[in-house]
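Under my numbering, think of the first position of the sequence shown as 1, with each following residue one higher.
Note that beta-carbon positions come from the ideal geometry of N, C-alpha and C, so glycine has one too.
These numbers were taken from a predicted model, which means no experiment stands behind them.
The next block holds one structure in the form of structure tokens; read it before the comments.
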Amino acid sequence: MSTRAIEILVGVFVAVGFAALFALAMQVSNLSALNETNGYRITAYFENIGGLKVRSPVTVSGVRVGRVSSIHYNSNQYQAEVVLVIEASQDYFPIDTSASIFTSGLLGEQYIALEPGAEEQLLKNGDTLQYTQSAMILERLISRVLVNLTSE
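Right under this line is the structure:
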């Protein structure tokens, strides 16, 4: 085999490797998993969102049903306003559904877990969740434990 043929073969191999890495990166980042026009939006207000980020998962019973679309500070309510995009196929959540911010693992990423309520009326595009639970901040928890230990 000539040197030129080996160089071409190595170049093709490297190009295929880069394409595979790109495909893997797209799969891991999940950029195409949820098109924002392919779902309905609901809003939730939290006192503290911790490290929640845009594109964080929204789950029910551990199954991803949506993503966080945007996070803003609402100066009228003095709370963080979080807009969730729920997949259009997941249109069965009652209006008294609650949202809580959890962390996957001890130091993992934060996500929103929905817990369906018991009402018969369902959430629709533009609705606001009435029941929310803010993120548990590890520093606050540690300081409470330390205060309790030193007060004894």
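| Item | Value |
| --- | --- |
| Could you tell me whether the Cβ atoms of Ile112 and Ile42 are closer together than 8 Å? | no |
| With 16 other CB atoms within 10 Å as the buried threshold, where does Pro94 fall? | exposed |
| Count the C-beta pairs between the segment 97-104 and the segment 11-21 that are closer than 8 Å, then say yes if the count reaches three, no if not. | no |
| Rounded to whole angstroms, what is the Cα-Cα separation between Leu34 and Val145? | Summary for Leu34: the model assigns pLDDT 46, below 50, so the residue's position carries little reliability; its value from the coordinates is reported in the next sentence. Distance between the alpha carbons of Leu34 and Val145: 40 Å. |
| Mind listing, in chain order, the continuous beta strand (DSSP E) runs of no fewer than 3 residues lying wholly within the segment 15-84? | 39-46, 57-60, 63-74 |
| Assuming contact is defined by CB atoms lying nearer than 8 Å, are Gln110 and Gly50 in contact in what I supplied? | yes |
| Can you tell which of Asn76, Leu84, Thr59, Ala15 has its C-alpha closest to the C-alpha of Val68? | Leu84 |
| Leu149 to Ile137, Cα distance in whole Å? | 19 Å |
| Apart from the five residues just before and just after Tyr131, which ones in its own chain have a Cβ nearer than 6 Å to its Cβ? | Ser98 |
| Between the alpha carbons of Thr103 and Ser56, how many angstroms are there, rounded? | 11 Å |
| Taking the straight line between their C-alpha atoms, what separation do you get for Arg64 and Leu114? | 10 Å |
| Taking a contact to mean a Cβ-Cβ separation below 8 Å, would you say Leu52 touches Val82 in this structure? | yes |
| Leaving out five residues before and five after Glu7 in sequence, what residues of the same chain have Cβ atoms less than 6 Å from its Cβ? | none |
| Ordered along the chain, which non-local residues of its own chain (more than five positions away) have a Cβ less than 8 Å from that of Glu120? | Pro94 |
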